[in-house]
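Quick note: the sequence shown uses my numbering, first residue 19, plus one each step.
In this text, a Cβ means the ideal position worked out from N, Cα and C, and glycines have one as well.
First the structure, in the form of structure tokens, and then the observations on it.
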Amino acid sequence: MLNGALSAGILSMAVILAWPDSLTTIWLGTVGIGLAMAPVFPVMLAFLERRMAISGQITGWFFLGGSLWAMALPWLIGQRFESTGPAVAMVIITIALLAQVVVYLILLARFRDGREKQL
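Written as structure tokens, this is what we have:
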């Protein structure tokens, strides 16, 4: 599920970046990114729950990290928007998608053998 969601998000962003002047592709890409990214956080929690012991404190840290990122990304876009223009939003979101892929690959490598480990 995560492979498909991250791939669909990157594909949707690639469509937007390839044809930035087409309103149709911007709409389709935006809908695609929204549909692709919606399951990432809950599926990642389920992925980690199967591979490590999840306590209330660890879940709290996951939500704290997710919330901070959800606040930092729009702030970062806003800081660059006026000086660079609206295209900076697509660049920053693409970087964020690629960062998600890197984190996912690190987690896959860490939990490759399927045994429960502590982070």
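Can at least three beta-carbon pairs, one atom from the stretch 55-66 and one from the stretch 35-42, be found at a separation below 8 Å?
-> Counting Cβ pairs under 8 Å, fewer than three are found: no touch.
Would you please state the rounded distance, in angstroms, between the beta carbons of A54 and A88? I believe it to be under 8 Å.
-> Sequence index remark: in the sequence shown, residue 54 carries index 36 (1-based). Sequence index remark: in the sequence shown, residue 88 carries index 70 (1-based). At roughly 16 Å, the Cβ-Cβ gap does not stay under 8 Å, so A54 and A88 are not in contact.
At what residue ranges does the stretch 69-109 contain a whole run of the alpha helix (DSSP H), taking only runs of 4 or more?
-> 74-102
Which term fits G111, buried or exposed, when burial requires 16 or more other beta carbons within 10 angstroms of its beta carbon?
-> Looking up residue 111 in the sequence shown gives position 93. First, the residue type needs correcting, since residue 111 is Ile and not Gly in the sequence shown. By the 16-neighbour rule on beta-carbons within 10 angstroms, I111 is buried.
Give the DSSP-derived three-state secondary structure of I60 in the structure shown.
-> Position 42 of the sequence shown holds residue 60. The sequence shown places Pro at residue 60, rather than the Ile named in the question. Helix.
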